[in-house]
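A short write-up of the structure that comes next.
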Amino acid sequence: MRPVLFHIPLGFANVPLYSYGLMLALSLIVGWYLTLELCVRDGMDRQEMGRCYMWTAGAALAGARLLYVLTNLDRFDNFLEVFKVWQGGLVAYGGFLGGFVGAAVFCKLKGVRLLAWADCAVPSLCTGLMITRIGCLLYGCDFGKPFDGKWSIVFPAGSPAYNQQRVEGLLPPHATHSLPVHPAQLYESLNGLMLLGLVFLVRRYRKFSGEMFVAFTMGYAILRYYVEVLRADEQRGNVGPLTTSQFIGVATFLAGAALLGYLYSRYRKNPHAMQLWTDGQALVAATPGAVAAAMPKPSANAEKRRRKKRS
Numbered sequence: 004m005r006p007v008l009f010h011i012p013l014g015f016a017n018v019p020l021y022s023y024g025l026m027l028a029l030s031l032i033v034g035w036y037l038t039l040e041l042c043v044r045d046g047m048d049r050q051e052m053g054r055c056y057m058w059t060a061g062a063a064l065a066g067a068r069l070l071y072v073l074t075n076l077d078r079f080d081n082f083l084e085v086f087k088v089w090q091g092g093l094v095a096y097g098g099f100l101g102g103f104v105g106a107a108v109f110c111k112l113k114g115v116r117l118l119a120w121a122d123c124a125v126p127s128l129c130t131g132l133m134i135t136r137i138g139c140l141l142y143g144c145d146f147g148k149p150f151d152g153k154w155s156i157v158f159p160a161g162s163p164a165y166n167q168q169r170v171e172g173l174l175p176p177h178a179t180h181s182l183p184v185h186p187a188q189l190y191e192s193l194n195g196l197m198l199l200g201l202v203f204l205v206r207r208y209r210k211f212s213g214e215m216f217v218a219f220t221m222g223y224a225i226l227r228y229y230v231e232v233l234r235a236d237e238q239r240g241n242v243g244p245l246t247t248s249q250f251i252g253v254a255t256f257l258a259g260a261a262l263l264g265y266l267y268s269r270y271r272k273n274p275h276a277m278q279l280w281t282d283g284q285a286l287v288a289a290t291p292g293a294v295a296a297a298m299p300k301p302s303a304n305a306e307k308r309r310r311k312k313r314s
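Note that our numbering has the sequence shown beginning at 4, numbered continuously upward.
Here it is, written out as structure tokens:
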């Protein structure tokens with residue numbers, strides 16, 4: 004556990020560099036390059052999709068923080084603490100939902116097909132899980148239940164796991180570290196890796212747009228549900244017998260299954276229309292003229308040959 008990696012001397016003060024904040028920033032940078040590369044391969048404009056990424060990322064951060072705040076209102080002493088995201092306190096599902104809403108708004112305003120964007124963006128969600136959960140491990144949040152196994156881990160005195168176990172009476176008076184617990188943060192990182200492999204496998208054999216998005220939505224719902232069973236932190240909230248993330252996971256799994264059936268039925272009726280990565284279809288949903296304007300222009304030699312053939 005290392006919540007502060009090191010301090011940066013700045014004037015008369017040493018500014019702390021939080022491990023979670025660094026991993027969050029790194030995940031956004033990796034996601035930026037990965038998403039835009041896939042967008043270009045699918046025929047979308049890099050500059051326009053760069054703006055979409057910024058819009059989506061901002062909405063995702065807002066959604067992730069909002070869900071955490073709503074499920075942990077008693078943990079905030081003043082309003083300013085709500086904005087200290089670099090110290091942790093983001094809920095993955097809040098980020099996914101917030102990012103989806105932000106992307107939907109941008110795509111609607113710009114005429115971009117949402118499914119085309121979503122397929123290119125979901126791999127960055129996988130890498131985001133892989134990287135940010137390392138930040139959770141270093142910060143000590145999102146810890147697992149007591150577990151005396153070969154891969155269990157312990158946290159030092161003063162960590163969230165240690166403090167919670169002291170309150171619950173699980174530790175002796177002079178304990179210097181927590182009980183061994185499940186490395187739930189690493190489980191989530193592994194989930195991100197598995198989902199990354201899944202969505203790229205789907206991309207390789209995809210038949211219609213939206214498959215990658217649905218694969219991630221349903222896959223993460225299943226994996227997150229079981230990780231929640233092994234987590235012990237009290238910052239997750241509950242909806243009946245389920246944690247907040249389990250409840251959202253069940254809802255998104257069902258929604259993903261319904262969307263998959265709908266998209267497949269549309270693909271059966273018109274396969275080409277559902278392959279938005281071909282013929283510039285992913286670029287805009289507005290006018291044929293806009294699509295033509297965004298398509299690659301022929302070279303000068305090709306244009307000469309075309310005119311000669313006409314004559």
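Backbone N, C-alpha and C define an ideal beta-carbon position, used for all residues, glycine too. These numbers were taken from a predicted model, which means no experiment stands behind them.
- In terms of Cβ geometry, M197 and R206 do not form a close pair [threshold 7 Å].
- When the Cα atoms are used, T59 and G98 turn out to be separated by approximately 9 Å.
- Within its own chain, the residues whose Cβ lies closer than 6 Å to the Cβ of G213, once the five positions on either side in sequence are excluded, are L118 and L266, listed in chain order.
- Bounds of the alpha helix (DSSP H) holding P126 are L117 to Y142.
- Taking the Cβ atoms as the reference, L233 lies roughly 6 Å from K148, within the contact range of under 8 Å.
- CA-to-CA, the gap between Y96 and G252 works out to about 8 Å.
- Closest in alpha carbon position to K210, among S192, A235 and S268, is S268.
- As computed with DSSP, A16 is found in a beta bridge with L13.
- Looking at the DSSP output, N166 bridges to nothing.
- Rounded to whole angstroms, the Cβ separation of G101 and A62 is 5 Å, and the two are in contact under 8 Å.
- Boundaries of the alpha helix (DSSP H) harbouring R271: T247 to K272, taken from the DSSP string.
- C55 and S127 have their C-alpha atoms some 14 Å from each other.
- When the Cα atoms are used, H180 and E171 turn out to be separated by approximately 14 Å.
- Judged by DSSP in its simplified three-state form, L173 adopts coil rather than helix or strand.
- Counting the other CB atoms within 10 Å of its CB gives E191 a total of 16 or more, which places it among the buried residues.
- Taken through DSSP and simplified to helix, strand or coil, R209 comes out as coil.
- Three or more Cβ pairs drawn from the stretch 219 to 231 and the stretch 240 to 251 lie within less than 8 Å of each other, which places the two stretches in contact.
- By the neighbour-count criterion, in which 16 or more other beta carbons inside 10 Å mark a residue as buried, P12 falls on the exposed side.
- For L100, the uninterrupted alpha helix (DSSP H) segment begins and ends at A95 to K113.
- Annotation for G24: the continuous alpha helix (DSSP H) segment containing it runs S22 to R44.
- Only buried fits D45, as 16 or more other CB atoms lie within 10 angstroms of its CB.
- Taken through DSSP and simplified to helix, strand or coil, H185 comes out as coil.
- Of the candidates R239, T220, N273 and W280, the residue whose Cα lies closest to the Cα of A254 is T220.
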